[in-house]
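*Asks:*
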Amino acid sequence: MKVYTKTGDTGTTALFGGTRVPKHHIRIESYGTVDELNSHIGLIRDQDMSDLYKNVLIEVQDRLFTVGAILATPPEKETLKNGQPRLQNLGIVESDIEFLENEIDTMEEALPPMTHFVLPGGHTTVSYCHIARCVCRRAERLAVHLNDIEPTDERVIKYLNRLSDYLFVLARKLSHDLNADEVQWIPRK
């Protein structure tokens with residue numbers, strides 16, 4: 001398979017199922033941002049941290065490929081001509097969301113309660129988590145926007161929402177593990 005196909009040279013690209021759309025289409029923006037998020041998570045995973053976190057991040061990256069495939073499939077192309085689902089054996093299920101929730105709960109048990117907003121920073125790895133969290137929020141906003149135009153699996157939006165929460169708590173937990181300064185924002189009077 002060649003990396004270059006030349007089919008996108010005119011500013012369009014194909015979705016799953018063959019429909020061609022402009023490269024600035026909201027569906028492309030949605031799954032492109034998920035791809036960007038996946039790259040940021042890879043950067044986090046490349047940092048010096050517990051294998052536990054790395055394994056969770058590998059699972060997240062796998063799920064993000066699924067999210068991207070779902071977002072790349074327009075509703076009218078979800079079912080093949082033979083009646084089978086186009087993305088057979090692919091999907092986001094409730095247990096994917098529960099997995100993130102359980103990881104969040106486990107990390108929060110080891111952290112002091114938050115009393116103020118946390119400023120991003122304190123350690124490079126922590127900063128990477130905050131950048132990924134922001135990209136995840138953008139992916140979520142784009143998926144919501146897409147859903148306003150064409151129906152999208154609601155579990156995709158829920159997964160992205162929970163993933164941004166996970167990335168925030170992971171940043172806090174890594175701050176704790178790395179003895180990094182966690183700076184809390186305190187409003188000026």
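Everything in the sequence shown is counted per full-length UniProt numbering, starting at 1 for the first residue and increasing by one. Glycine included, every Cβ here is placed at the ideal spot set by N, Cα and C.
On the three-state DSSP scale, how would you describe A14?
*Replies:* Position 14 of the sequence shown holds residue 14. Here A14 sits in strand by DSSP.
*Asks:* Which first and last residues belong to the alpha helix (DSSP H) in which E109 is found?
*Replies:* Here the question's residue 109 lines up with position 109 in the sequence shown. Its alpha helix (DSSP H) spans residues E94 to E109.
*Asks:* As an exercise, report each continuous alpha helix (DSSP H) stretch of at least 4 residues that is fully enclosed by the stretch 117-186, in chain order.
*Replies:* Fully enclosed alpha helix (DSSP H) runs of 4 or longer: 124-149 and 154-177.
*Asks:* Starting from Q88, trace the alpha helix (DSSP H) both ways and give me its first and last residue.
*Replies:* If you number the sequence shown from 1, residue 88 lands on position 88. No alpha helix (DSSP H) holds Q88; DSSP gives it neither H nor E.
*Asks:* What does a CB cutoff of less than 8 angstroms around R27 pick up in its chain, not counting 5 residues either side in sequence?
*Replies:* The sequence position of residue 27 within the sequence shown is 27, counting from 1. Around R27: L15, V21, L71, A72, P74, L146 and E150.
*Asks:* Go through its chain and collect everything with a Cβ distance to L90's Cβ below 8 angstroms, but skip five positions before and after it.
*Replies:* Your numbering for residue 90 matches position 90 in the sequence shown. So the list reads T66, A69 and I70, once near-sequence residues are dropped.
*Asks:* Closest by CA to V169, which one among L64, L100, L142 and N55?
*Replies:* As a first step, residue 169 must be located in the sequence shown, where it is residue number 169. Checked all of L64, L100, L142 and N55; the closest Cα to V169 is L100.
*Asks:* Compare the beta carbon distance of C136 and S175 with 7 angstroms and say whether it is the shorter of the two.
*Replies:* Counted from its first residue, the sequence shown places residue 136 at position 136. Counted from its first residue, the sequence shown places residue 175 at position 175. No, the pair does not count as a contact, with Cβ atoms beyond the cut-off.
*Asks:* According to DSSP, which residues form a beta bridge with V21?
*Replies:* For the purposes of this step, residue 21 is taken as the residue at position 21 of the sequence shown. V21 is bridged to T13.
*Asks:* Could you say if the stretch 55-62 and the stretch 27-41 meet the contact criterion of at least three C-beta pairs nearer than 8 angstroms?
*Replies:* These segments touch.
*Asks:* Considering just the uninterrupted stretch of the alpha helix (DSSP H) at T66, what are its terminal residues?
*Replies:* In the sequence shown, the residue the question calls residue 66 occupies position 66. From DSSP, the alpha helix (DSSP H) with T66 extends over D51 to L71.
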